[in-house]
Each structure stands twice: as structure tokens, then as C-alpha cells.
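Chemist:
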Amino acid sequence: MNKVPQNEIIIVDMSENIKVLVTSNDKKEKVKKIGFTDVDDSYMIYFVDDLQDKINKIKELINEEALFSYGIGWSPSELMSYYIELGFNFNKYKVISWSNKSTYHIIECDSKI
């Protein structure tokens, strides 16, 4: 498993529902308050009703400074680009990627550029 930053919310899948990896109890409580349920000790899920519900939940996760995992294919960071192309507006958000198992990088993205 890749090294992950502590005290973070990392969005690992949002192709249908939204699945997050939560690396602290403090963040876990915040994610529960916005409607996520436990999958196991580290992962939580939000079952999406429709596209607008998903967009609203993404905005709430951005407000909690969640990290969108990078990857090819329908990764959370790729989906963000797609939603922006569709015309949805978001505040600045952060993307996490890994260059190897022990090194991660976090960048800030601006959907208004």
C-alpha cells in the first residue's frame, strides 16, 4: 500500500458512489456529519442519488479539504476535470498522486482557469 498523509480525507473512487479513505478519527467524524457511512476502519462511502447530489457532495468534500486521488481512467481527479468541462464550478481543490510507494505529492487545482 502507498504511504498516505495523516489527518486527511482522500477520495479514492467517485465513478458511481463516493468512496473515501480517512486517515484520522477527527476527519472521520467530519465525513460522517456530511452523510458518509463506514465501510471498514479506514474507508467510508456516500451513496449518490443523482448527478446533482454527487456535485453537492463533492463541494462539501472540497470544503473539508479532501484530496482527489490522481490516476488514469475514471479516477477522482479525472472526473473533476470532466465535471469542469461539463460546466460545473468548484472552489480550488487538491489532488494527491504518488511517484512511488513512499512518496506522495499534493497540488492545488483551480477549476476557474
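Just so you know, UniProt numbering puts 60 at position 60 of the sequence shown, and the rest follows in order with no gaps.
From the three backbone atoms N, C-alpha and C, an ideal C-beta is built for every residue, glycine too.
State the DSSP-derived secondary structure class of residue 100, mapped to helix, strand or coil.
Modeler: Translated into positions along the sequence shown, residue 100 becomes position 100. Residue state, collapsed to three classes: strand.
Chemist: Whose CA, out of 72, 67, 52, 64, lies closest to the CA of residue 83?
Modeler: In the sequence shown, the residue the question calls residue 83 occupies position 83. Looking at the Cα atoms, 52 is the closest of the given residues.
Chemist: Assign residue 82 to one of three DSSP states: helix, strand, or coil.
Modeler: Translated into the one-based positions of the sequence shown, residue 82 becomes position 82. Helix, per DSSP.
Chemist: When DSSP builds the beta bridges, which residues end up paired with residue 38?
Modeler: Taking the sequence shown and counting its residues from 1, the one referred to as residue 38 is at position 38. DSSP output for residue 38 lists 44 as bridge partner(s).
Chemist: Tell me which residue opens and which closes the alpha helix (DSSP H) that residue 53 is part of.
Modeler: Taking the sequence shown and counting its residues from 1, one reaches residue 53 at position 53. Run containing residue 53: 51-63, per the alpha helix (DSSP H) assignment.
Chemist: For residue 14, which of 59, 110, 98 has the nearest alpha-carbon?
Modeler: Here residue 14 refers to the residue found at position 14 of the sequence shown. Looking at the Cα atoms, 59 is the closest of the given residues.
Chemist: Taking Cβ positions, are residue 79 and residue 9 nearer each other than 8 Å?
Modeler: Counting from one through the sequence shown, the residue named residue 79 turns up at place 79. Counting from one through the sequence shown, the residue named residue 9 turns up at place 9. Taking 8 Å as the Cβ cut-off, residue 79 and residue 9 do not qualify as a contacting pair.
Chemist: Quick check on residue 12: does DSSP put it in helix, strand or coil?
Modeler: The residue you call residue 12 lines up with position 12 of the sequence shown. Assigned with DSSP and collapsed to three states, residue 12 falls in strand.
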